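These notes concern the structure reproduced below.
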Amino acid sequence: MERGHHPARPGAPRGPRGGQAHGVRAPGAPAGPPAGARQAAERGALQPLPRRGPGGAREARRGRPGPPGSARRAQLHGGDPAAQGPAGARRDQHRGLSQHLRGSAPDPAAPRRRRPSPVQPTRSRPIRRRRHPPVRPDLPHRINEAIRIPRIQVIDAEGQSLGEMTPERGRLLAQEHGLDLVEVAPTARPPVCKLMDYGRFRYDQSKKQQAQKKQVVQLKTIQLRPKTDTHDLETKLKRAERFLEQGHRVRVLMRLRGRERGLVPRWLTQMQDLVDHFGDAIKVTAPPVAEGRGVAMTIEPA
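So the working numbering is basically just the index in the sequence shown, starting at one, shifted up by 462.
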């Protein structure tokens, strides 16, 4: 006999491959129940194993098989076990399990408590505003609200003293005349404040500073040589005249080399001729003298 080959019963019909045909009863065999009824009987003889759920595991320990976990949770929530879908069963699984472990079932009629949002408006202290605005560092003077001294000495726009008063009173007087309250003497006791147009005051101060810069006297230097030709000498003299007109002092220096140093009296006479060239428009501050490797003198406007 070949390995794996089972001989058919005598007289049994054969299938396509020589085996017994399915669903065909052999002649003379007693009739049995249908195949579907036999399978149902076999399934009914087997009891379902208890599921591990909130109620199933406990009933299994007691010896009584309880309903499945999803059905047990549906009963706890008062719903229909057949209406529980996959998503609803998973959602109710966590809710029913937590309530069952706590020993109390949820009330279906009670509204569900919403979890507080992580971003909740917290109660904080009110923001305190500054009593006075900060002093502007770009202004050289304190004006209006920046003056915080309890008592000040006020002077009007004409220079007349108005006496001591509070800064609030001084600001009211300035507003009545359309002016600003400016602190002009902060080191005085009490500080002196004046009613004025601060924008116009700063403009006048900048003009005065520019004029003072122009009035600064500088020392300009003109260098000559004993062999300087006539054209170059005239150019240097015109430059010296321009410096004198601007109010600067001019130092005239004649440099000497080699044997030229032995002819100092000659160069002193030539420097005196330059003084005569300017005439009365100049004043000699330092007369021509020999110094170092040359001869020098200093002149300024008369």
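For each residue, glycine too, the CB sits at the ideal point set by N, CA and C.
Just so you know, these numbers come straight off a predicted model, no measurement behind them.
When the Cα atoms are used, what is the spatial distance from residue i to residue j?
i: L410; j: Q671; result: The question about residue 410 has no answer, for the chain in this structure spans 463 to 764.
i: I744; j: Q674; result: 22 angstroms
i: M759; j: T731; result: 12 angstroms
i: P750; j: L718; result: 14 angstroms
i: L624; j: R610; result: 19 angstroms
i: Q637; j: F663; result: 17 angstroms
i: P763; j: L736; result: 15 angstroms
i: H739; j: K682; result: 18 angstroms
i: D666; j: Y660; result: 10 angstroms
i: Q734; j: A647; result: 53 angstroms
i: P653; j: K669; result: 26 angstroms
i: P688; j: W729; result: 7 angstroms
Determine which residues share a DSSP beta bridge with residue i and list them.
i: I614; result: M627
i: V712; result: K682, I761
i: K656; result: I617, V644
i: G756; result: R717, E753
i: I605; result: V644
Are the Cβ atoms of residue i and residue j separated by less than 8 angstroms?
i: L706; j: V714; result: no
i: L657; j: L634; result: no
i: I617; j: E626; result: no
i: R704; j: E645; result: no
Is residue i helix, strand or coil when you go by DSSP?
i: A673; result: helix
i: G485; result: Its pLDDT being 48, under 50, G485 is placed unreliably by the model, and the measurement read from it follows with that caveat. Here G485 sits in coil by DSSP.
i: E722; result: helix
i: P750; result: strand
i: A743; result: helix
i: R633; result: helix
i: R728; result: helix
i: R717; result: strand
i: A522; result: Only weak support exists for where A522 lies, its pLDDT of 49 falling under 50; the coordinates are left without a value.
Would you give the residue range spanned by the beta strand (DSSP E) that residue i belongs to?
i: L699; result: No beta strand (DSSP E) contains L699, which is instead part of the alpha helix (DSSP H) from 692 to 707.
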